[in-house]
Structure formats: structure tokens, C-alpha cells
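Residue numbers (our numbering): 1461 to 1831.
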């Protein structure tokens, strides 16, 4: 029998989606086969401290981090290891805590899904699940992502960007909003997920409140036209030759698919497969794959669309490079409906990470000039 894969699962993080990360990680850890994987749990507190120890997830969830040990991953390509920081007579020293073959980041939002952690994993030469630095950062920033989609001929809902520096003159910002489009409007942080900081606005007063709320989470704020739409989602899986799931539809009981509706209110309907004709399904799948490859995504992504109920126009809303893996999350549910079980999905994601690392290892890193 082959040796178990040494897998590091990272969760928590410095994000408004910290708690959702813990729920996703719990689902994944409960599914992993201990015969296949030697698992190291790596928790990151809301303050950014890396911690390891016995039952890290449960301990961190109970906010008892004093029972855990500080940890660090060094950006050294010769050391695919996780270290603990231990006291000694000379001060603090590093001790090897675990050797890792692959890392599974289960971090949603900033400092985990935005390319920052991926940069560290690249520097330390670790295999890891999911998109690289480029795909992660572009997928995370909704404003930049829309620009890339438009450049690739993929329709997106009209929007404009407000920078934090512009908020000093809120009257000018609100004048731009008044000239932009009819209500309703959505105001959201450019770099955040799980509908954190998102406000549906019906008048200028609600826009002002929404902008201030979004500015709590990001220095880039998106103002977006609201449309009377169905919410359609698809899952994508793979590296060089990705494949796409059947579409699913979300029918929230609230005005939109808010944080509360996603993770605490089970009354929203998840309809799989979505009631669409063959041409619509093909168009959604084509756009999902095109968007995935346009930002150099890898491993996985959930691609979210809006289907205008009045015109039938399809708009690509956003792409999530580390989608939710909670028991009610659409990403794994869509794959289950497409014939891939939750456990097999996790296994395939880990194999894709190892495959991508092997491909990158074949690249030449040194250039020798020959006169």
C-alpha cells in the first residue's frame, strides 16, 4: 500500500468569512480518509496567528487558542515543512512539526483566497489545492474580474468602482450614483465573498449607508446595477482541461442571497438541475469554462450567473476560487448531482494539486545565455 499523502489543511484566517472557513474545513476533515491522508490541521486566528496542536479546528472554534502552539511556514523551496515556535534558553527556536506533500487552503476571502497565501505556498514550493496567485487575486477582486470578463466578451452587469479615497467627498460619489442607473442597486466590497458587506439599495440614503458598510471591509467598493434575475451557479473542476457541472439555481427567500441566507437560513431553495433549456445550459457552461481559463484558474471554482427574467440575457456575476464546502454549499452539491461524490471530489482536488506541482517542476528556472 502506498504511503498516506501528508496533507496540511489550513482554515480560519484574517477575513470576515473566518467562521465560514471553519464550517467548510469541518466538512472536509470529516470526509478525508485517514487511510489515504496523514492530516495536519493548521488554524489561523482572526488576527493572523498560525496555530497547530491537538484538534486544532475544534480548539480554534471554541476560541481556546491558548491550548495550541504557534506555527510558521517558511518561504524556502528546500523545506516543505511546517514549524512550531518553541521557547528555549537562547530565546525562541523553530522545530519541525510536520512535513507536507500538499496543502489544502480552506480559507474564504482576504488573506486566503486572494493570492496572498498562494504566494507564500509558491515561495515555499508546496503543492496546494486551487488557483495560483493570478487566478486567486483576479477572481477575488470583483471590479478587476469584471474588466477581464468584458475583455473576453463575457457579459457582466454594469457597475462602477468607488475608491476609499473618494469617500472624503461623499456628495460627489452620490451624484455619480444618481446618474448611473435606476434602483435597485447593489453596493459591495470589491474584495470579499459570502455576501459580506453587500447591501441592496432602493434609494440614495441606502446607498450612502451601503457604501459606508462596504468600506469597513475593503478600500475598493463596487456599485452595481440590480436586475430582476434568476441566480444560476455552476462548478468547475480541473487544471489544463477543466470540466463543468450541470447548472443549479438558488431561490433565496430574502431579497437576495445574503450571508444569512447562505449559511444560517435553510429556507432558500437550491434547485439542481436548474430549469433551463439545452441552449441555455450550453451557454452557461461555455461562459463558465471561458471565465475559468481567462483568469488562469486551476483546481476548482464556482461560477455565479444572473439570468435576466425580463430579457433572458445572461450575465456572469462572479467566480469564487475557494467556494464554500459547508453541508449546504452549492459547489459540492452540483458535483454530486453531476455524478461525483463529496469524498471523490476532495480526492480529485488533492490529486489535481499534486499534478499541477509536477507540471510546474518541469519548467526551467535558470536561463543560461550562450553568446
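In this text, a Cβ means the ideal position worked out from N, Cα and C, and glycines have one as well. Source: prediction; values computed, not measured.
Proximity of the stretch 1610-1618 to the stretch 1586-1594 falls short of the contact definition, fewer than three beta-carbon pairs being nearer than 8 Å. If you look at residue 1640, you'll find it isn't in any beta strand (DSSP E); it sits in the alpha helix (DSSP H) that goes 1630-1640. With respect to the 7 Å criterion, residue 1488 and residue 1785 are classified as neighbours on the basis of their beta carbons. In this structure, the beta-carbon distance from residue 1748 to residue 1800 does not fall below 7 Å. Bridge partners of residue 1566 according to DSSP: 1471. The beta-carbon separation of residue 1687 and residue 1766, rounded to 6 Å, stays under the 8 Å limit for a contact.
In this chain, residue 1490 is not harboured by any beta strand (DSSP E); it is covered by the alpha helix (DSSP H) spanning 1478-1491.
Taking one beta carbon from each stretch, the stretch 1576-1590 and the stretch 1476-1491 have fewer than 3 pairs nearer than 8 Å; the two do not touch. Here residue 1509 has 1525, 1530 as same chain residues with Cβ atoms under 8 Å from its own Cβ, once five neighbours each way along the sequence are excluded. Annotation: the continuous alpha helix (DSSP H) that includes residue 1516 extends over 1516-1521. In this structure, 1761 is the residue among 1756, 1761, 1671, 1625 with its C-alpha nearest to the C-alpha of residue 1805. Under DSSP, residue 1510 shares a beta bridge with 1504. Under the DSSP assignment, residue 1581 falls outside any beta strand (DSSP E), being part of the alpha helix (DSSP H) whose first and last residues are 1576-1583.
The criterion of a C-beta distance shorter than 7 Å is satisfied by residue 1674 and residue 1649. Annotation: the continuous alpha helix (DSSP H) that includes residue 1810 extends over 1802-1821. A residue is called buried once 16 or more other Cβ atoms fall within 10 Å of its Cβ, and residue 1829, having fewer, is exposed. For residue 1661 and residue 1605, the gap between their C-alpha atoms comes out near 22 Å.
Taking C-beta separations shorter than 8 Å and ignoring five residues to either side along the sequence, the partners of residue 1484 in its chain run 1471, 1566, 1568, 1784, 1785, 1786, 1789, following chain order. In the structure shown, the three-state DSSP call for residue 1533 is coil. Between residue 1538 and residue 1557, the gap from beta carbon to beta carbon reaches 7 Å or more. Cβ neighbours of residue 1580 within its own chain (closer than 7 Å, five residues either side excluded): 1533, 1535.
A residue is called buried once 16 or more other Cβ atoms fall within 10 Å of its Cβ, and residue 1811, having fewer, is exposed.
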